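Worksheet: one structure, shown below.
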Amino acid sequence: MRRDRPGIAPLNWPQAETVAGGLPSATLFSCDWNAVRSPMAEGIAKKLLGKRVFVQSAGAAGLLDLDPLAVEVCREIGVDIAGHSTHTFDEMEEWGDDIAQYDLIIALSPAAQRRALEASAFSHVAVEYWPTLDPTDLGETREQKLHAYRQTRDQIRDRIVTRFGLGL
Numbered sequence: 001m002r003r004d005r006p007g008i009a010p011l012n013w014p015q016a017e018t019v020a021g022g023l024p025s026a027t028l029f030s031c032d033w034n035a036v037r038s039p040m041a042e043g044i045a046k047k048l049l050g051k052r053v054f055v056q057s058a059g060a061a062g063l064l065d066l067d068p069l070a071v072e073v074c075r076e077i078g079v080d081i082a083g084h085s086t087h088t089f090d091e092m093e094e095w096g097d098d099i100a101q102y103d104l105i106i107a108l109s110p111a112a113q114r115r116a117l118e119a120s121a122f123s124h125v126a127v128e129y130w131p132t133l134d135p136t137d138l139g140e141t142r143e144q145k146l147h148a149y150r151q152t153r154d155q156i157r158d159r160i161v162t163r164f165g166l167g168l
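This is the structure:
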């Protein structure tokens with residue numbers, strides 16, 4: 001695991017059994033492109049969980065930039081994801097990141113679930129699949145598109161609150 005890239009858990013990050021409340025020590029969110037759903041999840045989880053859980057995101061595939069509508073709807077709830085850089089499982093491996101540093105991978109799409117299961121096949125990492133609305137092709141007007149993105153954002157936020165026992 002490299003320590004010189006922002007967002008990578010430091011080597012002394014607490015292990016799962018030492019984190020209060022039974023929370024995983026490190027969680028990776030994943031979707032198809034790391035451009036909409038998983039960056040939303042990463043930003044929301046970081047805001048809600050603070051430093052109690054190390055959170056990062058990755059895509060099953062690459063080549064897309066962060067979606068500006070995802071940035072906009074997250075900003076509405078006080079979550080800033082504008083500085084997010086998209087990356088994939090393969091890029092993480094190229095950078096020397098070890099998937100075994102995570103206790104949990106949460107896949108937000110079928111492609112992400114497949115990739116997460118492949119990446120974690122020989123490790124202790126648990127994989128959860130949360131079917132999550134892909135808002136990118138929904139709506140014709142700007143308001144309709146924003147509505148779809150808000151639905152996705154709220155679906156992700158609600159799942160995080162429930163999964164991590166936040167009871168907000």
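Position 58 of the sequence shown, counting from 1, maps to 58 under UniProt numbering, and the rest follow consecutively. Each residue gets a CB set at the ideal place from its N, CA and C atoms; glycine is no exception. Computed from a predicted model, the values in this text were never measured in an experiment.
Below 8 Å, can you find three or more Cβ-Cβ pairs linking the stretch 25 to 38 to the stretch 56 to 64?
yes
Start and end residues, alpha helix (DSSP H) containing Ala111
In the sequence shown, counting from the first residue as 1, residue 111 sits at position 111. Where Ala111 is concerned, the enclosing alpha helix (DSSP H) stretches over 110 to 119.
Find out if the Cβ-Cβ distance for the pair Tyr129, Gln113 is shorter than 8 Å.
Here residue 129 corresponds to residue number 129 of the sequence shown, with the count starting at 1. Here residue 113 corresponds to residue number 113 of the sequence shown, with the count starting at 1. Closer than 8 Å, so yes.
Is the beta carbon of residue 251 sitting closer than 8 Å to the one on Thr27?
No answer is possible for residue 251: the residues shown for the chain start at 1 and end at 168.
DSSP puts Ser25 in a beta bridge; with which residues?
As a working mapping, residue 25 is identified with position 25 in the sequence shown. Answer is none; Ser25 lacks a bridge partner.
Under 8 Å between C-beta atoms of Leu23 and Val53
Residue 23 sits at position 23 when you count from the first residue of the sequence shown. Residue 53 sits at position 53 when you count from the first residue of the sequence shown. Yes, these two residues count as a Cβ contact at 8 Å.
Is it the case that the Cβ atoms of Ile160 and Ile44 are separated by a distance below 8 Å?
Here residue 160 corresponds to residue number 160 of the sequence shown, with the count starting at 1. Here residue 44 corresponds to residue number 44 of the sequence shown, with the count starting at 1. Yes, Cβ-Cβ distance for Ile160 and Ile44 is below 8 Å.
Using the three-state DSSP reduction, which class does Glu128 fall into: helix, strand or coil?
Here residue 128 is taken as the residue at index 128 of the sequence shown, counted from 1. In this structure, Glu128 counts as strand in the three-state DSSP scheme.
Contact set for Tyr149: own chain, Cβ-Cβ below 7 Å, skip 5 residues either direction
As a first step, residue 149 is located in the sequence shown; it is residue number 149 there, counting from the start. Answer for Tyr149: Leu69, Ala70, Val73, Pro135, listed in chain order.
From Glu42 to Lys51, what distance separates their C-alpha atoms?
For the purposes of this step, residue 42 is identified with residue 42 of the sequence shown, where counting begins at 1. For the purposes of this step, residue 51 is identified with residue 51 of the sequence shown, where counting begins at 1. Rounded to the nearest angstrom, the gap between the Cα atoms of Glu42 and Lys51 is 13 Å.
DSSP-derived helix/strand/coil call for Phe164:
One-based indexing of the sequence shown puts residue 164 at position 164. Here Phe164 sits in coil by DSSP.
If the criterion is Cβ atoms closer than 8 Å, does the pair Leu66 and Phe164 meet it?
Along the sequence shown, one-based indexing puts residue 66 at 66. Along the sequence shown, one-based indexing puts residue 164 at 164. No, Cβ-Cβ distance for Leu66 and Phe164 is not below 8 Å.
Can you name, in chain order, every residue of its own chain whose Cβ lies under 7 Å from the Cβ of Ala116, other than the five neighbours on each side?
The residue labelled residue 116 in the question sits at position 116 within the sequence shown. If we look at Ala116 and ignore the five residues flanking it on each side, its Cβ neighbours are Ser30, Ile105, Ala107, Val127.
Per DSSP, which residues does Trp55 bridge with? Please list them.
Walking along the sequence shown from the start, residue 55 turns up at place 55. Correcting the residue type first, residue 55 is Val in the shown sequence and not Trp. Val55 is bridged to Thr27.
Inter-residue CB distance, Ser38 and Ser57 (contact presumed, cutoff 8 Å):
Looking up residue 38 in the sequence shown gives position 38. Looking up residue 57 in the sequence shown gives position 57. Rounded, the Cβ-Cβ distance is 4 Å, consistent with contact.
Consult DSSP for Ala82 and reduce its assignment to one of helix, strand or coil.
Start at 1 with the first residue of the sequence shown, and residue 82 comes out as number 82. Of the three classes helix, strand and coil, the one that applies to Ala82 here is coil, per DSSP.
For the beta strand (DSSP E) that Arg106 lies in, which residues bound it at each end?
Within the sequence shown, residue 106 is the residue found at index 106, counting from 1. In the sequence as presented, Arg is not what sits at residue 106; that position holds Ile. Its beta strand (DSSP E) spans residues 104 to 107.
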